[in-house]
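Chemist:
Residue numbers (the numbering used here): 830 to 1220.
1. Since residue 1141 is in the beta strand (DSSP E), which residue starts that stretch and which ends it?
2. Which partner residues of residue 1120 appear in the DSSP bridge assignment?
3. So, are the CB atoms of residue 1099 and residue 1128 less than 8 Å apart?
4. Less than 8 Å between C-beta atoms, sequence neighbours within five positions excluded: which residues of the same chain meet that for residue 1195?
5. Over what stretch of residues does the alpha helix (DSSP H) that includes residue 871 continue unbroken?
6. Residue 943 and residue 922 - do their beta-carbons sit closer together than 8 Å?
7. With distances taken Cα to Cα, identify the nearest neighbour of residue 1033 among 1048, 840, 1060 and 1049.
8. Classify residue 896 as helix, strand or coil using the three-state DSSP reduction.
9. According to DSSP, which residues form a beta bridge with residue 1048?
10. Assuming residue 1222 and residue 928 make a contact with CB atoms under 8 Å, what is their CB distance in whole Å?
11. Considering only the beta carbon of each residue, do residue 1141 and residue 1172 sit closer than 8 Å?
12. Determine the burial state of residue 1044: buried for a count of at least 16 other Cβ atoms within 10 Å of its Cβ, exposed for fewer.
13. Go ahead and pull the three-state DSSP assignment for residue 1000.
14. Exposed or buried, what is residue 832 when buried is set at 16 or more other beta-carbons lying within 10 Å of its beta-carbon?
15. Helix, strand or coil for residue 884, going by three-state DSSP, please let me know.
16. Cα separation between residue 988 and residue 1004?
17. How far does the beta strand (DSSP E) with residue 856 in it extend, from its first residue to its last?
18. According to DSSP, simplified to helix, strand and coil, what is residue 1083?
19. What's the C-alpha gap between residue 1181 and residue 1101?
20. If we count the other Cβ atoms within 10 Å of its Cβ and call it buried at 16 or more, is residue 937 buried or exposed?
21. Please report the distance separating the alpha-carbon of residue 1169 from that of residue 1144.
22. Determine, using beta carbons only, whether residue 864 and residue 872 come nearer to each other than 8 Å.
23. Pick from 1082, 1035, 1053 and 1081: whose alpha carbon is nearest that of residue 1063?
24. Indicate the three-state DSSP secondary structure (helix, strand or coil) for residue 891 in the structure shown.
25. Is residue 1032 helix, strand or coil by DSSP?
26. Roughly how many whole angstroms lie between the Cα atoms of residue 1161 and residue 1132?
27. Just to confirm my understanding: we take residue 1190, look at its own chain, exclude 5 residues before and 5 after, and list those with CB closer than 6 Å. What are they?
28. Looking at residue 836 and residue 866, is the spacing between their C-beta atoms short of 8 Å?
29. Answer yes or no: do residue 1019 and residue 995 have a C-beta to C-beta separation smaller than 8 Å?
30. I need the straight-line Cα distance from residue 1057 to residue 888, nearest angstrom please.
31. Skipping 5 residues on each side, what residues in its chain have a beta carbon closer than 7 Å to that of residue 891?
32. Is it buried or exposed for residue 775, if we count other Cβ within 10 angstroms and need 16 for buried?
33. Between the alpha carbons of residue 1135 and residue 1159, how many angstroms are there, rounded?
34. Which residues in the same chain as residue 849 place their Cβ atom closer than 6 Å to its Cβ, once the five residues preceding and following it in sequence are excluded?
35. Helix, strand or coil, according to DSSP, for residue 832 in the structure here?
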């Protein structure tokens, strides 16, 4: 088979890889077998080899030769996910730009494990057993081209130091992180997406200078943590901020005073009560398009809502009435969600803006208004429009 370029043997019952394969190969797929051993010439001495797929096998460290890619220095994609590896394989090809090691048993990454991989752009390490002690300041330092790093679903308690400055997207969700230091993220000037949800973060665990200078950081996920207030020092250019499912009880006057570019803010399913929302809390959010306050303890709509909001969600709160003029000036509002509150009809509908408003709710020419559908004690037709669609 002197002209064979592509070999696909995935989803079989192989337990051992072939000892020899043609040197003309470009791509090899052994995924979803029962492989326990790879030989030196299985993938070695193949100068044209570009991609190797070995995920969903039973490979342990002993099943990989030290020089698995000797003479195959042009391999760019290596997928080793869902095996039983405890260590990063040695002597990986320098041409690698995508490396998958997720769903293994990695507990630490020794110094120098990635030192030769200056072309690596994507590194997947999620669903392992990595700890703070298993990483040091130089673990990722030589990965000068790395843009995507996934460390989610490990055992980290803090954001690792020494992360590559080239990172654009950083996954740290589903760890046990309680601390974000002052200088661990600030060198990553290209960072755009930071995912820290489903950790153990409290507001005091995030240093006020943690996001300083990150001018490209536009998406931050902090949901499902233990935040009791909005953290200080939020990224100045953040556009999407997800801090739902926390323990936030109120919103202070200056919590969002520097996030001028915010377009989407999700504060749903916290403990926010109406008396603890400052009337000027949203004054700087002139670009905000979507605000979600669902699942809180609001008895009235907060004052000073941003006038340019297009989507406002206040579902599943404790609203019993809407004060006349509560949404005055919100001419851009297109979608208003009020399902799951305690609203009752207390008078004739008011015609506002060309659409039927209710209880002082202004209408729009092309908007959507969702109320909760409730069964009345008396069997008569509902006094206001209802919908089966509860979003």
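Glycine included, each C-beta is placed from N, C-alpha and C at the ideal position.
Modeler: Considering the structure as presented:
1. Taken as a continuous stretch (DSSP letters only), the beta strand (DSSP E) holding residue 1141 covers 1140 to 1142.
2. Its beta-bridge partners are 1094 and 1141.
3. Not in contact: residue 1099 and residue 1128 (Cβ atoms no closer than 8 Å).
4. The pLDDT assigned to residue 1195 is 44, lower than 50, so where the model puts this residue is not dependable; a value taken from the coordinates is nonetheless given after this. Annotation for residue 1195: 1163 place their beta carbon closer than 8 Å to its own, counting only its chain and skipping 5 residues before and after.
5. Per DSSP, residue 871 belongs to the alpha helix (DSSP H) from 869 to 872.
6. No, these two residues do not count as a Cβ contact at 8 Å.
7. Of 1048, 840, 1060 and 1049, the residue nearest in Cα terms is 1060.
8. Of the three classes helix, strand and coil, the one that applies to residue 896 here is coil, per DSSP.
9. According to DSSP, residue 1048 bridges with 1022 and 1069.
10. Absent from the model: residue 1222. The displayed extent of the chain is 830 to 1220, so no value can be given.
11. No, the pair does not count as a contact, with Cβ atoms beyond the cut-off.
12. It is exposed - the Cβ of residue 1044 has fewer than 16 other Cβ atoms within 10 Å.
13. Residue 1000 sits in a strand when the DSSP states are folded into three classes.
14. That one is exposed.
15. In the structure shown, residue 884 adopts coil according to DSSP, grouped into three states.
16. In a straight line, the C-alpha of residue 988 is about 10 Å away from that of residue 1004.
17. For residue 856, the enclosing beta strand (DSSP E) has its first and last residue at 856 to 858.
18. In this structure, residue 1083 counts as coil in the three-state DSSP scheme.
19. Its pLDDT being 38, under 50, residue 1181 is placed unreliably in this model, and the value from its coordinates should be taken loosely. Going from the Cα of residue 1181 to the Cα of residue 1101 covers about 30 Å.
20. So residue 937 counts as buried.
21. Here the C-alpha atom of residue 1169 lies approximately 6 Å from the C-alpha atom of residue 1144.
22. Cβ distance not < 8 Å, so residue 864 and residue 872 don't count as in contact.
23. Nearest in C-alpha terms to residue 1063, of all of 1082, 1035, 1053 and 1081, is 1035.
24. Helix.
25. Shown here, residue 1032 sits in a helix according to DSSP, grouped into three states.
26. Answer to the nearest angstrom: the Cα atoms are 17 Å apart.
27. Unreliable positioning characterises residue 1190 in this predicted model, as indicated by a pLDDT of 46, which lies under 50. The coordinate reading is nonetheless provided below. Here the set comprises 1151.
28. Contact check for residue 866 against residue 836 fails: the beta carbons are separated by 8 Å or more.
29. Residue 1019 places its beta carbon less than 8 Å from that of residue 995.
30. Those two C-alpha atoms are separated by around 44 Å.
31. Spatial neighbours of residue 891 in its own chain (CB-CB distance under 7 Å, excluding positions within 5 residues in sequence) are not present.
32. Residue 775 cannot be examined here, being either before or after the span of the chain that is shown, 830 to 1220.
33. Computed Cα separation, rounded: 8 Å.
34. So the list reads 870, once near-sequence residues are dropped.
35. DSSP places residue 832 in coil when its eight states are reduced to three.
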